[in-house]
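So our numbering is basically just the index in the sequence shown, starting at one, shifted up by 3.
Taking it in order: structure first as structure tokens, then the write-up.
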Amino acid sequence: MEKFIQFAQQEWILFVAFFVILGLLLRTWIAPRLSGVKELSIQEAMKVLNQDDALLIDVRLEKEFKSGHILNAVHIPLGALDARAREVEKHKDSPVIVSCQSGNRSMHGARVLRKHGFSEVYNLRGGLSAWINANLPVSKSDGKKESKKRK
Numbered sequence: 004m005e006k007f008i009q010f011a012q013q014e015w016i017l018f019v020a021f022f023v024i025l026g027l028l029l030r031t032w033i034a035p036r037l038s039g040v041k042e043l044s045i046q047e048a049m050k051v052l053n054q055d056d057a058l059l060i061d062v063r064l065e066k067e068f069k070s071g072h073i074l075n076a077v078h079i080p081l082g083a084l085d086a087r088a089r090e091v092e093k094h095k096d097s098p099v100i101v102s103c104q105s106g107n108r109s110m111h112g113a114r115v116l117r118k119h120g121f122s123e124v125y126n127l128r129g130g131l132s133a134w135i136n137a138n139l140p141v142s143k144s145d146g147k148k149e150s151k152k153r154k
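In structure tokens, the structure reads:
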């Protein structure tokens with residue numbers, strides 16, 4: 004134990020860095036569980052989309068959305084989601100899946116929706132990248148037709 008304390012004193016920068024990294028790793032594991040947002044695999048998301056008629060919200064930038072998105076996705080950029088959540092308010096008690104390119108921004112978007120009272124919010128694990136890797140179809144339309152279907 005004395006050697007451990009001596010090491011911590013002599014190499015305090017490494018010691019602090021270790022605990023910072025450990026804290027960040029724990030945060031990425033614990034935060035989603037505390038936020039009430041469950042992550043769905045591609046297969047789970049397809050089941051929820053098809054069987055439960057879930058709403059899919061794509062929170063990527065407009066340029067990203069236009070380059071390709073999941074069919075019937077409603078486009079609301081992450082930066083505008085807080086202000087525009089009322090546009091999809093009728094889905095508060097229905098399943099809502101949030102997607103982005105890799106699953107990181109969509110987790111934040113899912114938390115925003117939870118804050119607005121949406122009861123069943125999911126994050127698409129891996130985002131559009133995982134969707135494409137699963138060889139699932141991607142639409143390159145502007146999304147207006149899909150959005151009108153959902154309203």
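Cβ atoms here follow ideal geometry from the backbone N, Cα and C, with glycine treated the same way.
These numbers come from a predicted model, not from an experiment.
query: Whose C-alpha, out of Q13, K95, K41 and F22, is nearest the C-alpha of S122?
result: K95
Run of the beta strand (DSSP E) containing I60, from where it starts to where it stops: For I60, the enclosing beta strand (DSSP E) stretches over residues L58 to D61.
field: V51 to L27 span [Cα, whole Å]
entry: 31 Å
- request: Count the other C-beta atoms from every protein chain shown that fall within 10 angstroms of the C-beta of F21, then say buried if there are 16 or more, exposed otherwise.
  value: F21 is exposed by the Cβ-count criterion.
- prompt: Could you give the uninterrupted runs of the alpha helix (DSSP H) lying entirely in the segment 52-110, keeping only those of 4 residues or more?
  reply: 65-70 and 81-87
field: Rounded straight-line distance, which links the Cα of L17 to that of D1
entry: The structure shown does not extend to residue 1, since the chain is modelled only from 4 to 154, so the question has no answer here.
field: Alpha-carbon spacing of I24 relative to V40, whole angstroms
entry: 24 Å
message: To the nearest angstrom, how far is the alpha carbon of S150 from that of I33?
response: Interpretation of S150 is limited by its pLDDT of 41, a score under 50 that renders its predicted location unreliable; the figure taken from the coordinates is listed afterwards. The alpha-carbon atoms of S150 and I33 are separated by roughly 34 Å.
query: Should V101 and G112 be called a contact, given that it needs their Cβ atoms to be closer than 7 Å?
result: yes
- prompt: Which first and last residues belong to the alpha helix (DSSP H) in which K41 is found?
  reply: Unbroken run through K41 is the beta strand (DSSP E), K41 to L43; no alpha helix (DSSP H).
- prompt: For F10, does the count of other Cβ atoms within 10 angstroms reach 16, so buried, or fall short, so exposed?
  reply: exposed
message: Would A88 and H119 qualify as a contact pair, given that the criterion is a beta-carbon distance under 7 Å?
response: yes
- prompt: For N126 versus E47, is the C-beta spacing smaller than 7 Å?
  reply: no
field: Assigned exposure category for D61 - 16 Cβ within 10 Å defines buried
entry: buried
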